[in-house]
Every structure is written in C-alpha cells, then in structure tokens.
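Here the numbering used here is used: the first residue of the sequence shown is 4, the next is one more, and so on.
Note that the Cβ used here is the ideal one computed from N, Cα and C, for glycine as well.
Structure, as structure tokens:
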Amino acid sequence: MYKAADNRYEQMSYERCGRSGLKLPRVSLGLWQNFGLEKSLEEQKEVIFCAFDHGITHFDLANNYGSPAVGLAEENFGKILHTEMEGYRDEMIISTKAGFDMWPGPYGNWGSRKYLMASLDQSLKRMGLEYVDIFYHHRPDPETPLEETMGALSDIVRQGKALYVGISNYQEPEARKAMEILKNNGTPCLIHQPRYNMLDRWVEDGLLEALEEAGAGCIAYSPLAQGALTDRYLKGIPQGSRASRGATSIQERYLSPEKLEMIGKLNEIALSRGQSLAQMALLWILRKPQITSVLVGASSSGQLKNSMASLQGPAFTAEELEAIDNILKKE
Ligand code: NDP
Numbered sequence: 004m005y006k007a008a009d010n011r012y013e014q015m016s017y018e019r020c021g022r023s024g025l026k027l028p029r030v031s032l033g034l035w036q037n038f039g040l041e042k043s044l045e046e047q048k049e050v051i052f053c054a055f056d057h058g059i060t061h062f063d064l065a066n067n068y069g070s071p072a073v074g075l076a077e078e079n080f081g082k083i084l085h086t087e088m089e090g091y092r093d094e095m096i097i098s099t100k101a102g103f104d105m106w107p108g109p110y111g112n113w114g115s116r117k118y119l120m121a122s123l124d125q126s127l128k129r130m131g132l133e134y135v136d137i138f139y140h141h142r143p144d145p146e147t148p149l150e151e152t153m154g155a156l157s158d159i160v161r162q163g164k165a166l167y168v169g170i171s172n173y174q175e176p177e178a179r180k181a182m183e184i185l186k187n188n189g190t191p192c193l194i195h196q197p198r199y200n201m202l203d204r205w206v207e208d209g210l211l212e213a214l215e216e217a218g219a220g221c222i223a224y225s226p227l228a229q230g231a232l233t234d235r236y237l238k239g240i241p242q243g244s245r246a247s248r249g250a251t252s253i254q255e256r257y258l259s260p261e262k263l264e265m266i267g268k269l270n271e272i273a274l275s276r277g278q279s280l281a282q283m284a285l286l287w288i289l290r291k292p293q294i295t296s297v298l299v300g301a302s303s304s305g306q307l308k309n310s311m312a313s314l315q316g317p318a319f320t321a322e323e324l325e326a327i328d329n330i331l332k333k334e
C-alpha cells in the first residue's frame, strides 16, 4: 500500500480559485493521455504517486479519457485510488467532464440534461466515487439552450454528485452567459478550463477579464502545447512521444517548421534563464494573475518533476517578456 511523503505540502504553492473557498495547486495533473492503454497500471501509479508526494492534489479526468478505450482513464484512476490511496480522498480534488462523444445515439454527447446526468453517473461508477469535486461541461453545445445545460450542472451540485461546477472551451461571450446563469441558480461557476499556452493565446482577448469579473478561476490545459513547448521535438520526432503515436492534434497545431523555429528561439531564452523550456512555458502562464493552475500531462515522473520545478524559477524581467512576445508575434 502506498504511503504519501510526509513533506508533500512543503514544495507546492496553492492559489485560491477565483473568489471561491477552494485552493488549487499551481501545477495540476491531467489524465487525458498516458492513463489509458499507453502505459501499464504500474507506470501510471508511479506518476500519480510522484504528483501527490510533491503536493499535486488536483487530478483532472473526463468521461472519454483513455481514448480509444473511452472511460479507461477513469477506471484506472479509480483502481489506483481504491487499492492504494483510499485514505487520501479528502486531500484530493478530482474533476471530470462530459461534452464529447461517449455512446451512440442522440443522448451520448454535447450538452443536454439527459446526457450530462447519465454521463456523470457513469463516471462516478467507473471511479468508484460518490461525488467528484468539480464537474465540467466539456464544450459548448450550439443547439441545447444554455439554461438547460447550466441547469443540469446546478442540479448536479444540489444532488451532491459534484461539489463545484465549471465550464471548458467556452469563448468569452458564451462563458459570460453561462457564468451568469450559474450565479443566478445559486451554484456559481468555480472555474473555466481553456487551452492556453505560448502558441495559443486566445484567452488573452477578453476571456481572462471575464473570469476575473465573475470571480471564477482559470486552469490552463495543454500548457506545454502537448509537449511541443519543450526541447522534445527540436531534433525531430522522438520514438514514443505523443507526436510519434499520431494520436492527437499536436502535429498539425504545433509542429510546423515555422513553429519549430519559434520554439528553438524560446528554448534559447529558457536556457539563458537557467530553466528548461517546459519550465519557462509554465511559469509564463502562471505569471498572469487570473491563472489559478496549469494542468500538465506527463508520460513519466521525471517529466512531471521537471515541470513542477518551474515554480522555483526566476521571475521574468520586462526585457525577457518583450523578447518572448517578439518571437511569438511572428506567428
Ligand atoms: P501538456 O501541454 O502539458 O503536454 C503534456 C505532454 O508534454 C506529455 O505527455 C509529454 O509528452 C510532454 N511533457 C510534459 N512535461 C514535459 C517536460 N517537463 N519536458 C519535456 N516534455 C514534457 O498537456 P496535455 O496536452 O497533456 O493536457 C494536460 C491536461 O489538460 C490533460 O490531461 C487534460 O486533463 C486537460 N485537457 C483538457 C482538454 C479540454 O478540452 N478541457 C483538452 C486537452 C487536455 P510525451 O507524452 O510525448 O512524452
């Protein structure tokens, strides 16, 4: 049976999530990749134990993680939790989501009350939990009335199946509307989960301000651009990397020759700061006051430790930030 490190809360810092009572670790762990068929359960345990031993209390899942074996990440996480970590449940923030394709037919995706209620019940069963800490609507649904989707989230809180609710992948105007409805329902939006990294800065055009105004937190997903914002791809595509598996959008989104040239230049700045590029990329996001946490993925405990060490890095100078902006502007 796993025993957590006694000093686990000494290195991590925790940030209040918007104007809520909940604090999240500045680095959180996501189980989208590497927690399905890619790795053995022993390898998965190593990464999760490493996270918890270093103060990562927040683990992020979704109904479809583990793809192509959808649901497998929740199942594996549940197994690890109940066989090894049962005594630590109250020290953990576990989130899950619904919004993408889960089962055939008209009730297996998007944002109807029917889908959200059924999906969360399935997630709780797979993880062997009575409740999750955060339940998200995973993507906006252009067809279902927002009142219905947000109403389902509010009822889920009232049923005790989630302590807090959030939204993910909502653009600014629809996020504002969703947060207003949740507030009027008496179940405020805890957090928004958008994609945000040096190569993907759309949240800076209004969303971050909207979240601040509403008192919601922000957790940035794919903060390393799925691994592109590291030194991993500077000399080609290494075997075993995410890009080599061809399973996700990393190639088309982040690995064009122009982007790789930018990444090479960013790497030089990181080295001059005495950091890895991964560490600089994470700290660059965390410097924004609206950001509660960065939600990293990791295929090994070594990567995770490297990412967590970003918190010990030096603050940016104005010159460094300008140099970074100049590189990114060429996008
Ligand atoms: P990242 O941008 O952090 O990419 C993680 C990948 O980067 C790892 O798998 C690894 O690649 C590489 N990596 C990580 N750390 C290092 C390091 N220190 N040095 C070198 N390489 C490193 O995040 P993800 O794209 O994995 O997303 C993180 C989480 O965000 C997901 O697990 C999920 O919880 C959430 N998410 C949410 C979405 C949503 O729609 N709400 C969508 C996508 C993600 P490799 O595997 O090649 O070794």
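Contact under 8 Å by Cβ, residue i with residue j
| i | j | result |
| --- | --- | --- |
| Met182 | Leu232 | no |
| His195 | Gly131 | no |
| Ser157 | Asn188 | yes |
| Ala178 | Leu149 | no |
| Arg29 | Gly218 | no |
| Ala1 | Leu127 | The requested residue 1 does not occur in the structure, where the chain is confined to residues 4 to 334. |
| Gln229 | Arg248 | no |
| Asn66 | Phe38 | no |
| Leu123 | Ala76 | no |
| Ile51 | Met15 | no |
| Ile330 | Lys268 | yes |
| Thr190 | Val135 | no |
| Asp56 | Arg11 | yes |
| His61 | Ile96 | yes |
| Glu87 | Tyr5 | yes |
Same chain, Cβ closer than 6 Å to residue i, five either side skipped, listed in chain order
| i | result |
| --- | --- |
| Arg198 | Tyr224, Ser225 |
| Tyr167 | Ile137, Leu193 |
| Lys48 | Ile83 |
| Gln254 | Ala246 |
| Pro143 | Tyr173, Glu177 |
Nonlocal neighbours in the same chain, by C-beta distance under 8 Å from residue i, ignoring five residues either side
| i | result |
| --- | --- |
| Lys26 | Tyr17, Glu18, Arg19, Cys20 |
| Glu151 | Gly114, Ser115, Arg116 |
| Gln282 | Ala273, Asn309, Ser310, Ala312, Ser313, Gly316 |
8 Å Cβ cutoff, residue i in contact with chain D
| i | result |
| --- | --- |
| Ser303 | Given the protein chain composition of this structure (a single chain), no chain D is represented. |
Heavy atom of the ligand NDP within 7 Å of residue i beta-carbon
| i | result |
| --- | --- |
| Asn310 | Strictly speaking, residue 310 in this sequence is Ser, with Asn absent from that position. Ser310 Cβ: within cutoff of the ligand NDP. |
| Thr233 | yes |
| Asp63 | yes |
| Tyr224 | yes |
| Leu298 | yes |
| Arg276 | no |
| Ser70 | no |
| Trp35 | yes |
| Ala181 | no |
| Leu335 | Residue 335 is absent from the model: the chain starts at 4 and stops at 334. |
| Arg245 | yes |
| Gly267 | no |
| Gly230 | yes |
| Glu112 | Reading off the sequence, residue 112 comes out as Asn, not Glu. It does not: the Cβ of Asn112 is nowhere closer than 7 Å to a heavy atom of the ligand NDP. |
| Asn172 | yes |
| Ser302 | yes |
| His57 | no |
| His195 | no |
| Ser279 | yes |
| His141 | yes |
Which of helix, strand or coil DSSP assigns to residue i
| i | result |
| --- | --- |
| Val168 | strand |
| Leu25 | coil |
| Ser98 | strand |
| Phe138 | strand |
| Tyr110 | coil |
| Arg161 | helix |
| Leu232 | coil |
| Leu280 | helix |
| Gln125 | helix |
| Asp144 | coil |
| Arg198 | strand |
| Asp328 | helix |
7 Å CB neighbourhood of residue i in its chain, flanking five on each side removed
| i | result |
| --- | --- |
| Ala54 | Leu32, Leu307 |
| Ile184 | Leu149, Glu150, Met153 |
| Asn270 | Asp234, Leu237, Leu280 |
| Val206 | Pro197, Tyr199 |
| Leu286 | Ser313, Gly316 |
Closer than 7 Å: residue i CB and nearest the ligand MN heavy atom
| i | result |
| --- | --- |
| Ala54 | In terms of ligand content, the structure shown lacks the ligand MN and carries the ligand NDP instead. |
For this session: Could I get the ranges of all uninterrupted alpha helix (DSSP H) runs contained in the stretch 283-325, with 4 residues as the minimum, in chain order?
Result: 304-311
Exercise. Residue ranges of each beta strand (DSSP E) run of no fewer than 3 residues wholly in the stretch 7-88, ordered along the chain?
Worked result: 17-19, 26-28, 30-33, 61-63
Problem set entry | Completely contained alpha helix (DSSP H) runs for the stretch 236-268, where each covers 4 or more residues | 245-248, 253-257
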